[in-house]
Each structure stands twice: as C-alpha cells, then as structure tokens.
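In this note's numbering, the protein residues as written are 739 to 929. Note that the Cβ used here is the ideal one computed from N, Cα and C, for glycine as well. All of these numbers come straight from a predicted model, not from anything done at the bench. Everything below concerns the one structure shown next.
Dropping the structure here:
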C-alpha cells in the first residue's frame, strides 16, 4: 500500500526511511519538499549533504523560507560527517550524531534529518553500512526521530540494496511511501 510521505509522518512520530534515488532532479525536489514540510511543522532540520549539492538546495529553500525559518536548518557536510576519521567508521559517526542531536533534544525540539549517504566512496566491505543503519534505526525509534537516508541507486550492489531494505521500515519512491517487506524488526508499523 502506497501513501504520501507527509501522511506517513503525521501518523508516525518517528520514521527511518530509505530514498534510493535515480534522478538528481527528483532528488532535489524531494529533499527540498522534505525540508519545507518539516519547517512547516516547526521541526528542527539537520541536513547532511554533499557540498556540491548544498548550494542548489539552499538556493531553492531561500525562495520559500524566511531568514528565521532558515535558522532552523543545521547544515553538515556529508563527507566530514561520514569520513572524519579518514574512513567510514560507525563509532565516529555515532559520536557526531550524539553531538548534533543532544542540544536539540535537551531543548525538546522535534527533529527531522535528511542525510545523503554516498556509498560509492566507502572503502572496504559494505556490511559496515548495515551495521550503522541498524543502530540508526534503533535511535530513530528510541528518540522519536524522523531520518531520511538518501542513497544513489545507480550501480548499487544488490548486497547493499538488501542491507538497506532490512534496516529501513519505509521506502520512499517517486510515487509515495511503501513498507519494506525485508525490514528485520518484529514490531513493524503498518501503513
């Protein structure tokens, strides 16, 4: 059953979503729409994005948002976030997550995150992605967070696709949101 993203997020206080994108045009529309919807709901936004795409996203957001609304968006370079130790290292990434979320959680802020994961830059076995995504999935549920993980689908190995389907409850497509049939947690939320 497909539903619209904003409908899903009204019905669920937290969600861990996978967006495997094929088109950069659709990607840009989707990230901007996701952020605008979060700002409209008075959520703090954490945008973890490629420095090459960030100016385009911000240019579009500046058309729609006031300066006060733009201040609710926290920008993070995705390379710095994922590769601060020189490689994709889940413990370091979790440290970044704690530093980012704690001040907002202490202020009782509702948080929506968009993270652009560039899997093709990861050296070594891709199973470390699944390891991190499992932890992020639990954090999302435990802390009541909405987290969108965007991965470019072109050329993605089948093993990584399956790992991502197992670790994300929901999948965003260009047509809406569907439940992942491969999701590995017993307490599934039906949509």
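Span separating the alpha-carbon of residue i from that of residue j
i           : j           : result
residue 917 : residue 908 : 5 Å
residue 774 : residue 823 : 32 Å
residue 820 : residue 814 : 10 Å
residue 769 : residue 921 : 23 Å
residue 767 : residue 795 : 9 Å
residue 906 : residue 871 : 8 Å
residue 797 : residue 810 : 16 Å
residue 868 : residue 763 : 27 Å
residue 828 : residue 778 : 32 Å
residue 895 : residue 789 : 25 Å
residue 739 : residue 747 : Its pLDDT being 45, under 50, residue 739 is placed unreliably by the model, and nothing is read from it.
residue 947 : residue 772 : This structure does not reach residue 947, given that the chain is present from 739 up to 929, and the question cannot be answered.
residue 843 : residue 812 : 14 Å
residue 765 : residue 845 : 31 Å
residue 855 : residue 888 : 6 Å
residue 902 : residue 873 : 12 Å
Burial state of residue i, where buried means 16 or more other Cβ atoms lie within 10 Å
i           : result
residue 886 : buried
residue 776 : buried
residue 884 : buried
residue 816 : buried
residue 926 : Here the model assigns residue 926 a pLDDT of 48, short of 50, so the residue's position is not dependable and the matter cannot be decided.
residue 745 : exposed
residue 853 : buried
residue 784 : buried
residue 781 : buried
residue 898 : buried
residue 761 : exposed
residue 787 : buried
residue 801 : exposed
residue 900 : exposed
residue 875 : buried
Residue i, DSSP secondary structure in three states
i           : result
residue 896 : helix
residue 788 : coil
residue 929 : In this predicted model, residue 929 has a pLDDT of only 45, less than 50, meaning its place in the structure is not dependable; the value taken from the coordinates is given anyway. Correct three-state label for residue 929: coil.
residue 772 : helix
residue 802 : helix
residue 901 : helix
residue 878 : helix
residue 765 : helix
residue 921 : coil
residue 883 : coil
residue 809 : coil
residue 891 : coil
Min CB distance residue i to chain C below 8 Å
i           : result
residue 773 : Protein chains in the displayed structure number just one, and chain C is not present.
Touch test, the region 839 to 849 against the region 862 to 871, Cβ-Cβ under 8 Å, three pairs minimum: no
Runs of beta strand (DSSP E) wholly within the region 812 to 867 (minimum 3 residues, chain order): 849 to 855
Segment contact flag, the region 803 to 812 with the region 874 to 881, C-beta cutoff 8 Å, min 3 pairs: no
The region 749 to 765 contacting the region 896 to 912, beta-carbon criterion three pairs below 8 Å: yes
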